[in-house]
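Numbering (my numbering), first residue to last: 273 to 627.
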């Protein structure tokens, strides 16, 4: 039971993610401090870094998808709040009143400028309290070291997350129609709607540290997972085609095009010289192609044969993928499942449930 104290309190906080966060914070703070030290020198009136940047690093590297951890909130929130703290200190003589007013006003102004960042409150508090560093720098304190520290930290964060293959600055990419029409994509035409999310948030009277578009993506995935769990007895191997039409990676594109038309299929698996799956092609890739099939390959979706059949819903309803290829541990084709296969299985499952 004692070890439960060390359980992650954030969804998705795996051991790998926490190790990456620790390493990123180490690199970010060390490099930001080193650059500031080289640029400004190091003494009691020119600190390497200000304390709120440590809190910014926690957000930037531990929860990079948070709206509060994006570049503008970090840079703008810290800088604006420091300016607010200094302004309040100049106007309000009572330190107790000044520190409270500085933090309160920083929250208000960060909210108005869409730069809400929790460490900004600490930056405002630091500036309002004053001290030798703040007094020596004057109004420049908000820019050097606060803004400079923030810019350097964000720069390191962007490079670090890029190398770690994370989406930062985080942008929630909404599903879009792949057919160039005004219709919503297939997966958004049923179930809950964006307005339902707004109504739920209003009913809960809470503020959540997650982008609204990310909420929508999360709820869609929850729907898919629940459906896959409830129909878990129906596996991919139960509905896959085993006699799979395929083409060699070195074949001419005319051969692949002829196979697609002859068998009236939309996706054709492509195998390499060792018989392993190399990718897939369809009429879209072959429309104006010349030469080898291997030159126009697309990446194939390759679920496990033992996966629940309904777990294929996200892939087969994305508007681009017409079939998924099932492969064994050696990468050789075991079977294929098309959108039609999944639709037929879903219909049978609905009928069986109704009974």
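Virtual Cβ for every residue (Gly too), placed ideally from N, Cα, C.
Bounding residues of the alpha helix (DSSP H) (the contiguous stretch that carries residue i)
| i | result |
| --- | --- |
| residue 381 | 367-384 |
| residue 309 | 287-312 |
| residue 425 | 420-435 |
| residue 363 | 350-363 |
| residue 584 | That residue, residue 584, is in no alpha helix (DSSP H); it is neither H nor E in DSSP. |
| residue 401 | 390-401 |
Residue range of the unbroken beta strand (DSSP E) whose run includes residue i
| i | result |
| --- | --- |
| residue 550 | 549-553 |
| residue 599 | 595-599 |
| residue 543 | 540-543 |
Backbone CA spacing between residue i and residue j [nearest angstrom]
| i | j | result |
| --- | --- | --- |
| residue 618 | residue 349 | 49 Å |
| residue 307 | residue 418 | 13 Å |
| residue 536 | residue 530 | 10 Å |
| residue 568 | residue 557 | 6 Å |
| residue 382 | residue 351 | 10 Å |
| residue 410 | residue 362 | 11 Å |
| residue 565 | residue 523 | 6 Å |
| residue 415 | residue 358 | 12 Å |
| residue 550 | residue 563 | 17 Å |
| residue 525 | residue 560 | 10 Å |
| residue 331 | residue 593 | 36 Å |
| residue 605 | residue 488 | 35 Å |
| residue 422 | residue 528 | 54 Å |
Residue i classed as buried or exposed, judged by whether at least 16 other C-beta atoms fall within 10 angstroms
| i | result |
| --- | --- |
| residue 375 | buried |
| residue 508 | buried |
| residue 470 | exposed |
| residue 291 | exposed |
| residue 426 | buried |
| residue 533 | exposed |
| residue 439 | exposed |
| residue 494 | exposed |
| residue 342 | buried |
| residue 389 | buried |
| residue 368 | exposed |
| residue 333 | buried |
Bridge partner(s) assigned by DSSP for residue i
| i | result |
| --- | --- |
| residue 609 | 596 |
| residue 234 | The structure shown does not extend to residue 234, since the chain spans only 273 to 627, so no value can be given for it. |
| residue 564 | 524 |
| residue 604 | 548 |
| residue 570 | 552 |
In chain order, each alpha helix (DSSP H) run of at least 4 residues that lies wholly inside the region 500-525 = 508-511
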